[in-house]
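Novice: Quick one: the structure is below, questions incoming.
2 protein chains.
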Amino acid sequence: MKLTPKGQATRQRIIEGAAEYLRSNDPGAVTLDDVRAVTHTSKGQLFHYFPDGKEELLLAVARHEAGRVLTDQEPHLSALDTWESWSAWRGTLLARYRAQGRYCPLGALMDQVSSTPGAASVVSELLGQWQGRVSTGVVTMQGNGLVSTDLDADRIAGAFVAGIQGGVQVLRATGSTDQLEALLDLMIDYLRRP
Amino acid sequence: MKLTPKGQATRQRIIEGAAEYLRSNDPGAVTLDDVRAVTHTSKGQLFHYFPDGKEELLLAVARHEAGRVLTDQEPHLSALDTWESWSAWRGTLLARYRAQGRYCPLGALMDQVSSTPGAASVVSELLGQWQGRVSTGVVTMQGNGLVSTDLDADRIAGAFVAGIQGGVQVLRATGSTDQLEALLDLMIDYLRRP
DNA sequence: CAAATTTTGGACTAGCAAGTCCAGAAAAAC
DNA sequence: GTTTTTCTGGACTTGCTAGTCCAAAATTTG
């Protein structure tokens, strides 16, 4: 499918509009008409840019949101080389998820398209990259002699990512960030202890 | 609503049948007709026992599943008083979730009814009880002098519960239990270290 | 046993939401 | 400048699914 600049813009408008909509509305029941309304588009356009319909559109939105997850953690995530940077990272995460509250756009999208194979791969890739970044951070710290080299960096990183995931999950269910905070503190403390 | 023994049995059959169905099928698209088929009931029965329809039914199933979550962790969860019992608990959790694989019945139900207020409270209550049990375990260990009394038992317990949640989440998305295992090991190791 | 109540079956309705289709406007290509 | 392609609007179709309704069967009550 060839897209002119105008077409690209429209497509992008649809994705961003849908993402925005999902960020502030109950995700369980998004309809194409909702997307249409919020993006000022017609059915024709929707299916012109997303021939496979709703699923393709939601996947595109999921990719868009997944992309934000990691960049929102910058610049700390890419420079986890001192205890201060870990602390700053922790703070950024907490701030982000506190602001987000119960609505987790990516989580919401996953609920929607959990059946489709594509959705799992979007999340898998995100989690993999995330874990990789954290792992790099741990290795850096080990290189600087700040973290014991007995620890398996990748395994630790996996625990971090899963833990954050769980904290967010709890946040979605209960509205509290206490557990997320406790988890981050516990894990960072674990690293610090020799 | 008065229920004769027969009525109770039917109602229970519907809940259990639906739960069973959700345990092995894509949850994103459960219809009342699916439930009807699997439980050999009629529309009339469904709405007779769940006057508020689908939502009420799914909530009942969610409660049913939530009840299983903790009992499946027994007898260990109620007797976290030695390192062996913690280890056994860890093993039980891993085994359970490995067996469950990508399908998390409770998670699936949450996706379905995430909008309804009742669903959040079902999960909140479950998480609260869970955290309480773990907290009791930590306190017991502290009483036995096996865990430092510097640690805040409830906070640790919150981290545990959230962490497990996250591990399961990762399992749902990627099919791997590595992160869940890493998390449990990390947290238990954290407790062991003086 | 007769009356009242609960349970069951299933046809029917209503409404929504995804996806189709096509014609006309706008833009690009040459 | 005209021909070809892309873009847009919106009416229409299709199918599905939650929920309604009622009558008949079973069960309980007295």
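Taken in sequence, the protein lines are chains A and B.
According to this note's numbering, the first sequence is numbered sequentially starting from 1.
According to this note's numbering, the second sequence is numbered sequentially starting from 1001.
Ideal Cβ placement from N, Cα and C applies to all residues, glycine included.
1) What is the rounded straight-line gap between the Cα of A/I15 and the Cα of B/L1022?
2) From A/V38, A/L46, A/A18, pick the residue whose C-alpha is nearest to that of A/G7; which is it?
3) Of the residues B/Q1129, B/D1154, B/F1160, which one's Cα is nearest the Cα of B/L1070?
4) Under 8 Å between C-beta atoms, does B/S1124 make it to chain A?
5) Note down the Cα distance separating A/R193 from B/A1157, rounded to an integer number of angstroms.
6) Under 8 Å between the Cβ atoms of B/A1018 and B/V1061?
7) Tell me the rounded alpha-carbon separation between A/R98 and A/Q169.
8) Look at the alpha carbon of B/M1110 and the alpha carbon of A/T92, and state the distance between them as a whole number of angstroms.
9) Any beta carbon from chain A within less than 8 Å of B/A1062's own beta carbon?
10) Return no unless some Cβ of chain B is closer than 8 Å to the Cβ of A/G166.
11) Run through DSSP, which three-state label would B/E1016 get?
12) Can you grab the Cα-Cα spacing for the pair B/F1160 / A/E181, in whole Å?
13) In the DSSP assignment, find the alpha helix (DSSP H) that holds B/H1040 and state where it starts and stops.
14) Nearest to B/T1039 by CA position, among B/L1058, B/E1055, B/R1068, B/Q1012, is which residue?
15) Okay, do the segment 74-84 of chain A and the segment 129-145 of chain A touch, 3+ Cβ pairs below 8 Å being the bar?
16) Given B/G1166, which residues of its chain have a CB within under 6 Å of its CB, disregarding the five upstream and five downstream residues?
17) Distance check for B/L1191 and B/G1145, CA to CA, integer angstroms please.
18) What number of angstroms, rounded off, separates the C-alpha of B/D1152 from the C-alpha of B/A1029?
19) Given this structure, state the Cα-to-Cα distance separating A/T4 from A/Y49, to the nearest angstrom.
20) Please determine, among B/D1154, B/D1033, B/D1178, the residue with the shortest C-alpha to C-alpha distance to B/G1132.
21) Using the Cα positions of B/L1184 and B/H1064, report the straight-line distance between them to the nearest angstrom.
22) Short of 7 Å in beta carbon distance, which residues of its chain neighbour B/L1126, apart from the five on each side in sequence? Order them along the chain.
23) Whose C-beta lies closer than 8 Å to the C-beta of A/T207 among residues of the same chain, with five residues either side of it excluded?
24) Between which residues of its own chain and A/V147 is the CB-CB distance below 7 Å, once the five residues before and five after are set aside?
25) So, for B/R1102: in the same chain, excluding its five sequence neighbours on each side, which residues have a beta-carbon less than 8 Å away from its beta-carbon?
26) Is B/K1043 a contact residue of the ligand MG, with contact defined as CB to any heavy atom under 7 Å?
27) Verify the CB distance criterion: does B/R1013 have a CB-CB separation below 8 Å to chain A?
28) Measure the alpha-carbon distance for A/R96 versus A/L106 and round it to whole angstroms.
29) Do B/W1089 and B/Q1100 have their C-beta atoms within less than 8 Å of each other?
30) Once the 5 residues before and after B/S1024 are set aside, which same chain residues still bring their CB inside 8 Å of it?
31) Would you please state the rounded distance, in angstroms, between the beta carbons of A/Q179 and B/A1162? I believe it to be under 8 Å.
Specialist: Taking the definition as stated:
1) The straight-line gap from Cα to Cα measures roughly 31 Å.
2) Cα-wise, what sits closest to A/G7 is A/L46.
3) The shortest Cα separation from B/L1070 among B/Q1129, B/D1154, B/F1160 belongs to B/Q1129.
4) Answer yes: the Cβ-Cβ gap between B/S1124 and chain A drops below 8 Å somewhere.
5) Rounded to the nearest whole angstrom, the C-alpha separation of A/R193 and B/A1157 is 20 Å.
6) Their beta carbons are under 8 Å apart, which means B/A1018 touches B/V1061 by this criterion.
7) Straight-line Cα distance between these residues: approximately 12 Å.
8) Computed Cα separation, rounded: 28 Å.
9) Chain A, which has no Cβ nearer than 8 Å to the Cβ of B/A1062, makes this no.
10) For A/G166, the closest Cβ of chain B is nearer than 8 Å.
11) B/E1016 falls in the helix class under three-state DSSP.
12) Those two C-alpha atoms are separated by around 12 Å.
13) For B/H1040, there is no enclosing alpha helix (DSSP H), as DSSP gives it neither H nor E.
14) Closest option to B/T1039, Cα to Cα, is B/Q1012.
15) Three or more Cβ pairs drawn from the segment 74-84 of chain A and the segment 129-145 of chain A lie within less than 8 Å of each other, which places the two stretches in contact.
16) Closer than 6 Å at Cβ, skipping near neighbours: no residue.
17) As the crow flies, the alpha-carbon of B/G1145 is around 12 Å from that of B/L1191.
18) Their backbone Cα atoms lie some 42 Å apart in a straight line.
19) Taking the straight line from one Cα to the other gives about 12 Å.
20) B/D1154 is the residue among B/D1154, B/D1033, B/D1178 whose C-alpha sits nearest the C-alpha of B/G1132.
21) Linking B/L1184 to B/H1064 through their CA atoms gives a straight-line distance of about 26 Å.
22) Leaving aside the five residues that flank B/L1126 on each side, the residues in its chain whose CB is nearer than 7 Å to its CB run, in chain order, A1066, V1069.
23) Because chain A is modelled from 1 through 194, residue 207 of chain A falls outside the range shown and cannot be assessed.
24) Sequence-distant Cβ neighbours of A/V147 in its own chain, meaning closer than 7 Å and more than five residues away, are V138, M141, L191.
25) Result list for B/R1102: L1171, R1172, G1175, in chain order.
26) This structure does not include the ligand MG; it has no bound ligands of any sort.
27) Not an interface residue.
28) Each residue's Cα considered, the two are about 14 Å apart.
29) The answer is no: Cβ separation not under 8 Å.
30) Once the five neighbours on either side are set aside, the close Cβ partners of B/S1024 are Y1103.
31) Sure, about 4 Å apart at Cβ, within 8 Å.
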